[in-house]
Structures are given as structure tokens and as C-alpha cells.
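K.L.:
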Amino acid sequence: MKRTRVKMCGITRLEDALAAIEAGADALGFVFYKPSPRYIEPVKARDIIRQLPPFVARVGLFVDAPRCEVLEITELLSLDLLQFHGDETPAYCQGFHQPYMKALRVRTADEAAEQAALHANASAILLDAYVEGVPGGTGQAFDWQQIPTLKQPLVLAGGLSAANVQQAIRQVRPFAVDVSGGIEASKGIKDTGKMQAFMQQVLGA
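The sequence shown: position 191 = 175 (this note's numbering), numbered continuously.
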């Protein structure tokens, strides 16, 4: 049976990136949103990406960034996927001519379904917890019963850790899970033991 894919997000150090890959992560996320405690300078991200082995997806996370900023970063880095976590329109997301994932903060199933339908060309839809005024990375889970049926692959985020990811996978059956705070020692600093424990739970789901 095909296992659930795993993206480990908020990478800020090479040692964390390599430990995530060693644990079994399929994708690494780099946050290019300056207010985030997991923000990484594009040049530093480039230095990390250059030292990664092949076959691990590199994902760039943006929140309502000016088009020129996204273009500048995508030209600097070899990104496999763009992740948009703000109020970006479908036209904006498609305008970079790269695969993209649209993150939606879930309040109700109907609202999430409506928003997802607008992004019919997205490679995936990421569903995260809705917290007023915060675009993501809150570490809070949401009611998984509010997840609608999507045409795009579903990536589940929001408060995931080794303690609940197995239950999440069994209940939701997502294509992938996205974890950040649940594998950290502190914001932006990953914990190797937590990464390994998270992957063990994913494999056991």
C-alpha cells in the first residue's frame, strides 16, 4: 500500500535538512515570509539546497508576497513546488508557471470546498487550522470532520506530531502530511528524535 508522503517545513539549518531526509522526509519546506519565526534568507536557503541529495522535493512557502519577490527567489533557488499561504488568487498562483500548492485555513467544509474549487490547477491543496490573523504555522489542529472531498491531492497540516499523525492519516487518508512545530526543539530548530518518531508513526499508519 502506498504510504502517506511527508513534508517537513520550516527548515533553517543544513543539519536539520539532512536529519529530516535521513528520517525519511519526502519534501522540505523553506519559509520566505519574514514575520515567521521560521523565516530563512533566500541565500541561506540556496546554500542548504545546494548540499541536498536528489529526489527530495524543495518547497518555497510564500504569504501574499509581491510577484517580483517570488520571481527573484525562484530564479535564485531550484524549487520544485511553490506553496502559497495567503489570499493569493488563482491567476497569481498560476502566473509563475510552476507547480503550486494552495494552503487553505479551514473554518467549514463548504468554505474549504469553495476555495479549493477556485484552485483547480493546483498540484495539491493544503488544509490548515484557521486562526484569526495568522496565515499558518500555529501548531493548532482543526476538526478533521470539516475536510471536504477534493479533486486535488490533499495535504494535511495543523498541529500534527508523533502523538496524533497516525490517527490523522487513518481518519483523513491524505496524500501527504505537513509538519513543522511538531518536530521542533524550538521555533525554526528541528529535533532529530521528534522527526524520527514522526516518521515511525507515519509508517505505522
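Beta carbons: idealized from backbone N, C-alpha and C, even for Gly.
How many whole angstroms separate the CB atoms of residue 64 and residue 34, which I take to be in contact at a CB cut-off of 8 Å?
P.N.:
The sequence position of residue 64 within the sequence shown is 80, counting from 1. The sequence position of residue 34 within the sequence shown is 50, counting from 1. Not confirmed; about 14 Å, so no contact.
K.L.:
How would you label residue 39, buried or exposed, when you count the other beta carbons within 10 angstroms and need 16 or more for buried?
P.N.:
Taking the first residue of the sequence shown as 1, we reach residue 39 at position 55. Classification for residue 39: exposed.
K.L.:
I'd like to check one pair, residue 11 with residue 179: are the Cβ atoms closer than 8 Å?
P.N.:
In the sequence shown, the residue the question calls residue 179 occupies position 195. In the sequence shown, the residue the question calls residue 11 occupies position 27. No, these two residues do not count as a Cβ contact at 8 Å.
K.L.:
Can you tell me which of the three DSSP states residue 151 falls into?
P.N.:
Position 167 of the sequence shown, counted from the first residue, corresponds to residue 151. Reduced to three states, the DSSP call for residue 151 is helix.
K.L.:
Select from 14, -1, 84 and -2 the residue whose C-alpha is nearest the C-alpha of residue 163.
P.N.:
The count along the sequence shown starts at 1 and reaches residue 163 at position 179. Among 14, -1, 84 and -2, the Cα nearest to that of residue 163 is on 14.
K.L.:
Taking DSSP's pairing of strands, which residues face residue 175 in a bridge?
P.N.:
Within the sequence shown, numbered from 1, the residue matching residue 175 stands at position 191. Looking at the DSSP assignment, residue 175 forms no beta bridge with any residue, so it has no partner.
K.L.:
Around the C-beta of residue 103, are 16 or more other C-beta atoms found within 10 angstroms, so that it is buried, or is it exposed?
P.N.:
Working through the sequence shown from its first residue, we reach residue 103 at position 119. Under this definition residue 103 is a buried residue.
K.L.:
Buried or exposed, going by whether 16 or more other CB atoms sit within 10 Å of the CB of residue -7?
P.N.:
Indexing the sequence shown from 1 puts residue -7 at position 9. Buried: at least 16 other Cβ atoms inside 10 Å.
K.L.:
Less than 8 Å between the beta carbons of residue 89 and residue 113, yes or no?
P.N.:
What you label residue 89 is simply residue 105 of the sequence shown in a count that begins at 1. What you label residue 113 is simply residue 129 of the sequence shown in a count that begins at 1. At a Cβ-Cβ threshold of 8 Å, residue 89 and residue 113 count as neighbours.
K.L.:
Using DSSP's beta-bridge definition, name the partner residues of residue 66.
P.N.:
As a first step, residue 66 must be located in the sequence shown, where it is residue number 82. DSSP output for residue 66 lists 44 and 84 as bridge partner(s).
K.L.:
With DSSP as the reference, label residue 18 as helix, strand or coil.
P.N.:
Locating residue 18 in the sequence shown gives position 34, where the first residue counts as 1. Here residue 18 sits in coil by DSSP.
K.L.:
Between the alpha carbons of residue 147 and residue 83, how many angstroms are there, rounded?
P.N.:
Your numbering for residue 147 matches position 163 in the sequence shown. Your numbering for residue 83 matches position 99 in the sequence shown. In a straight line, the C-alpha of residue 147 is about 31 Å away from that of residue 83.
K.L.:
Using only the alpha-carbon positions, how far apart do residue 177 and residue -9 sit?
P.N.:
Here residue 177 corresponds to residue number 193 of the sequence shown, with the count starting at 1. Here residue -9 corresponds to residue number 7 of the sequence shown, with the count starting at 1. One C-alpha to the other measures close to 16 Å.
K.L.:
Between 140, 47 and 53, which has its C-alpha nearest residue 70's C-alpha?
P.N.:
Within the sequence shown, residue 70 is the residue found at index 86, counting from 1. If we check each option's Cα against that of residue 70, 47 comes out closest.
K.L.:
Would residue 55 be called buried (16 or more neighbouring beta carbons within 10 Å of its own) or exposed?
P.N.:
The sequence position of residue 55 within the sequence shown is 71, counting from 1. Exposed.
K.L.:
What does the alpha-carbon distance come out to for the pair residue 138 and residue 27?
P.N.:
As a working note, residue 138 is residue 154 in the sequence shown. As a working note, residue 27 is residue 43 in the sequence shown. Distance between the alpha carbons of residue 138 and residue 27 is about 30 Å.
K.L.:
CB residue 161 to CB residue 131, shorter than 8 Å?
P.N.:
Your numbering for residue 161 matches position 177 in the sequence shown. Your numbering for residue 131 matches position 147 in the sequence shown. Not in contact: residue 161 and residue 131 (Cβ atoms no closer than 8 Å).
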